[in-house]
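Visitor: For the sequence shown, my numbering assigns the number 292 to the initial residue and increments by one for each residue that follows.
Yeah, the Cβ is synthetic: ideal placement off N, Cα and C, and Gly gets one too.
Below: one structure in structure tokens.
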Amino acid sequence: SDAQMVTSSPQSSDFCQSAMNTDLPLISVVVPLYNEEQELTNLLDSLMALNWPPDRLEILGVDNNSTDQSLSILQTYPITVLQEPIPGPYAARNTAIRQAKGEFIALTDADCIVSPNWLLELWQAFDQPQVGAVGGSLVPRTITNYVNYFEGCVFKSPNHSRGTARIQPYLVTANVMYRKAVFDELG
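This is the structure in structure tokens:
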């Protein structure tokens, strides 16, 4: 599949610099994957370049029985590598979420590339205690088919998921952050 660029709303560099000088929470980043050897290095390299203190970051890569070199690639990075035999990204995400130590859990996909301020931009939106989840935009790197076109038109907007009378609001699991307490409360 064509990789997606994960973005959030742009922020001033002054905010980013001042936020880096405060006590930041531990964030667990969860990446489910199955046969993603072609894209995985791009994502992992972007995660290694995050503008977030390494001692406040936990990255959990969950291999979902890949038959390519995905698991071997995961094992070359300084991350927690998990395996989930039950097929499907939901099972892989749930395995990692149960293991996650962070106060916040960020989700992305193996075919994404995150921007350096990805975590900072999502985390800053948790400005009220009742905010349980925050999602960002997806920007396709290329548009080669109708799925990419749809993603480029719909998911690029930060207001893409407000919902209607027929469609409930939603967040895209390739670019979302939750309070861990949401999972603890809902199971």
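Hey, V320 and T399 are a contact pair by Cβ (cut 8 Å); roughly how many whole angstroms apart?
Guide: Locating residue 320 in the sequence shown gives position 29, counting from the first residue. Locating residue 399 in the sequence shown gives position 108, counting from the first residue. Contact holds; Cβ gap of about 7 Å.
Visitor: Since I believe F474 is in contact with I350 (beta carbons under 8 Å), could you give me their beta-carbon distance rounded to a whole number of angstroms?
Guide: Here residue 350 refers to the residue found at position 59 when the sequence shown is read from its first residue. Here residue 474 refers to the residue found at position 183 when the sequence shown is read from its first residue. Not quite, the Cβ-Cβ distance comes to about 17 Å (not below 8 Å), so this is no contact.
Visitor: Taking the beta strand (DSSP E) that P323 falls in, what are its first and last residues?
Guide: Against the sequence shown, residue 323 aligns to sequence position 32. Taken as a continuous stretch (DSSP letters only), the beta strand (DSSP E) holding P323 covers 318-324.
Visitor: Just tell me which of W343, L338, A382 has its CA closest to the CA of N355.
Guide: By 1-based counting over the sequence shown, the position of residue 355 is 64. Cα-wise, what sits closest to N355 is A382.
Visitor: Would you say the region 358-369 touches the region 402-417, given that touching needs at least three Cβ pairs under 8 Å?
Guide: no
Visitor: Quick one: grab the DSSP three-state call for L477.
Guide: Here the question's residue 477 lines up with position 186 in the sequence shown. Three-state result, L477: helix.
Visitor: Straight-line CA distance for L365 to D314?
Guide: Position 74 of the sequence shown, counted from the first residue, corresponds to residue 365. Position 23 of the sequence shown, counted from the first residue, corresponds to residue 314. Within the model, the alpha-carbon separation for L365 versus D314 is close to 29 Å.
Visitor: Taking buried to mean at least 16 other C-beta atoms within 10 Å of its own C-beta, is E330 buried or exposed?
Guide: Here residue 330 refers to the residue found at position 39 of the sequence shown. Its Cβ being crowded by 16 or more others within 10 Å, E330 is buried.
Visitor: Kindly list the residues whose CB is nearer than 6 Å to the CB of Q374, restricted to its own chain and excluding five residues on each side of it in sequence; keep chain order.
Guide: Here the question's residue 374 lines up with position 83 in the sequence shown. Contacts found: D354.
Visitor: What are the boundary residues of the alpha helix (DSSP H) that I370 is part of?
Guide: Position 79 of the sequence shown, counted from the first residue, corresponds to residue 370. Note, I370: premise wrong, no alpha helix (DSSP H); not H, not E.
Visitor: Could you check if G352 is buried or exposed, using at least 16 other CB atoms within 10 Å of its CB as the buried criterion?
Guide: To locate residue 352, count along the sequence shown from 1; it is residue 61. Label assigned to G352: buried.
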